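In our numbering, the protein residues as written are 4 to 150. Don't be surprised by glycine CBs; every beta carbon is placed ideally from N, CA and C. Here the structure is a predicted model, which is why all the values come from computation and not from measurement. Worksheet: one structure, shown below.
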Amino acid sequence: MSVPVLVSSCLLGVSCRYDGNHSLADEIVSKVGQMHLIPICPEQLGGLPTPRPPSNILNGDGEDVLQGRAWVRNDRGEDVTEEFLRGAHQALALARLMGAQKAFLKGKSPSCGLRTPYCETDAGDGIGVTAALLLRNGIEIVEVNAE
Ligand code: SF4
4 MSVPVLVSSC LLGVSCRYDG NHSLADEIVS KVGQMHLIPI CPEQLGGLPT
54 PRPPSNILNG DGEDVLQGRA WVRNDRGEDV TEEFLRGAHQ ALALARLMGA
104 QKAFLKGKSP SCGLRTPYCE TDAGDGIGVT AALLLRNGIE IVEVNAE
């Protein structure tokens, strides 16, 4: 059996983005059948609806959220930190259950991105919440940039 790998669902064409669209990435779709891909959308796994208001990490990035010194708020001013954390932990639970040691994650997302601009850091970008939790737990992340 091929090695299990997590993948952001939106990269496979699933319309799970905040705006109800997807971020289909041909380079990822071409791996279907070659790898045991496990689609995840942490924001949906955390209980958020689709479509949903876009969110930003305030006072830091995803690693700071994990450490309890930053939070996530949507553009309606609602705190969605709990949902982002729940989704990250659900993604990690799936990775452990399936034995995944690698993840293809969509860039720029405040959940999945290795480098998201939707945060508040001195550098101007930072890691997303789910990406930070997976990385912390030894899972290799390959960032996929797709619109
Ligand atoms: S980037 Fe991650 S959280 Fe955002 S829609 Fe895609 S899978 Fe879901």
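Item: So what does H39 bridge to, in DSSP terms?; Value: P7
Item: Compute the minimum distance between the beta carbon of Q93 and the heavy atoms of the ligand SF4, and state whether it is under 8 angstroms.; Value: no
Item: Should A126 be labelled buried (16 or more other beta-carbon atoms within 10 Å of its own) or exposed?; Value: exposed
Item: If you drop the 5 nearest sequence neighbours on each side, which residues of the same chain put their C-beta closer than 7 angstroms to that of S3?; Value: For residue 3 there is no data in the structure shown, the boundaries of the chain being 4 and 150.
Item: With DSSP collapsed to three states, give me the class of L51.; Value: coil
Item: Enumerate in chain order the residues of its own chain whose CB-to-CB distance from A134 is below 7 angstroms, with the five nearest sequence positions on each side excluded.; Value: G65, L108, C115, G116, L117 and I144
Item: Measure from the alpha carbon of E42 to the alpha carbon of each residue in E86, G141 and G90, then state which is nearest.; Value: This sequence places Pro at residue 42; Glu is not what is there. Selected option, being the one with the closest Cα: G90.
Item: For the segment 25-44 and the segment 55-62, state whether three or more C-beta atom pairs, one from each stretch, are separated by less than 8 angstroms.; Value: no
Item: Per DSSP, what kind of secondary structure is R79 in: helix, strand or coil?; Value: coil
Item: Between Q47 and the ligand SF4, is the CB less than 8 angstroms from at least one heavy atom?; Value: yes
Item: Got a sec? Which residues, its chain only, sit under 7 angstroms from R20 by beta carbon, not counting five neighbours each side?; Value: C13 and S26
Item: Starting from L61 and walking both ways along the beta strand (DSSP E), at which residues does that stretch end?; Value: S58 to L61
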